[in-house]
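S.K.: Numbering (the numbering used here), first residue to last: 6 to 173.
Where a beta carbon is used, it is the ideal one built from N, C-alpha and C, also for glycine.
What follows is a structure written as structure tokens; I'll ask about it next.
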Ligand code: FES
């Protein structure tokens, strides 16, 4: 049985990267840097003045942010991206920090950072199920990269009665 890396077959030799809104699909070798791939193929990775003021892939400016799906087909978030947890919710990634490991879809949103209009795709039913299976609000928030308050709102919308926190 072949070894799996981030859900990718170890023997995979070509990855397909589809950029939107351009609607272009580009093939690349596994472990290709996403920012480099976009630039080499004239994909607009930056909005507005960030085209000229970005940090050129150092992971400092945050303006190369894109949505990447599925998250298991790229390298996991490293320390630089985890530090930007408020900006990089859900599937948002810094293209300069992403290594392509499988077939992915990449979407650039509006705004200087490319996050304007992004809505995290979390189903309330999934949150309710996790809670009913015994996970805490904090555990669900961490797992799904949500604010704990958002988890509470989703639970309320799903009609789930919340447990009282245990007294110390
Ligand atoms: S280019 Fe600046 S963070 Fe990626």
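Under the criterion of a Cβ to heavy atom distance below 7 angstroms, does residue 37 qualify as lining the ligand FES?
M.R.: Flag unset: Cβ of residue 37 not near the ligand FES.
S.K.: Measure the C-alpha to C-alpha separation of residue 54 and residue 116 and round it to an integer number of angstroms.
M.R.: Going from the Cα of residue 54 to the Cα of residue 116 covers about 10 angstroms.
S.K.: Note down, in chain order, each residue of its chain lying with its Cβ closer than 6 angstroms to the Cβ of residue 127, except the 5 sequence neighbours on either side.
M.R.: Same-chain partners within the cutoff: 149.
S.K.: For residue 100, is the beta carbon positioned less than 7 angstroms from some heavy atom of the ligand FES?
M.R.: Indeed, a heavy atom of the ligand FES lies less than 7 angstroms from the Cβ.
S.K.: Starting from the N-terminal side, write out each stretch of the beta strand (DSSP E) that is 3 residues or longer and does not extend beyond the region 75 to 155.
M.R.: 97 to 99, 109 to 112, all fully within the region 75 to 155.
S.K.: Could you check what DSSP says for residue 54 in three-state terms: helix, strand or coil?
M.R.: Three-state result, residue 54: coil.
S.K.: Buried or exposed: where does residue 96 fall if 16 or more other Cβ atoms within 10 Å of its Cβ makes it buried?
M.R.: Per the 10 Å Cβ criterion, buried.
S.K.: Three-state secondary structure (DSSP) at residue 48?
M.R.: DSSP places residue 48 in coil when its eight states are reduced to three.
S.K.: Between which two residues does the beta strand (DSSP E) holding residue 29 run?
M.R.: Here the beta strand (DSSP E) through residue 29 covers 29 to 33.
S.K.: How close, in whole Å, do the beta carbons of residue 73 and residue 98 come, if the pair is a contact with beta carbons under 8 angstroms?
M.R.: Their Cβ separation, rounded to whole angstroms, is 5 angstroms, which keeps residue 73 and residue 98 in contact under 8 angstroms.
S.K.: Do the region 101 to 116 and the region 136 to 151 meet, that is, are 3 or more Cβ pairs less than 8 angstroms apart?
M.R.: With a cut-off of 8 angstroms, the region 136 to 151 and the region 101 to 116 do not count as touching, because too few Cβ pairs lie within range.
S.K.: Alpha carbon to alpha carbon, how far is residue 56 from residue 68?
M.R.: Going from the Cα of residue 56 to the Cα of residue 68 covers about 9 angstroms.
S.K.: Measuring alpha carbon to alpha carbon, tell me which residue in 40, 38, 46 is nearest residue 29.
M.R.: Nearest C-alpha to residue 29: 46.
S.K.: Name the DSSP beta bridge partners of residue 20, please?
M.R.: Note: residue 20 sits in a beta bridge opposite 33.
S.K.: Is it buried or exposed for residue 6, if we count other Cβ within 10 angstroms and need 16 for buried?
M.R.: Caution is warranted here: a pLDDT of 46 is assigned to residue 6, below 50, making its placement in the model unreliable, and the coordinate value is therefore given only provisionally. Burial call: exposed.
S.K.: For residue 91, I'd like the list of residues in its chain whose CB is within less than 8 angstroms of its CB, leaving aside the five on either flank, ordered along the chain.
M.R.: Nothing meets the Cβ criterion.
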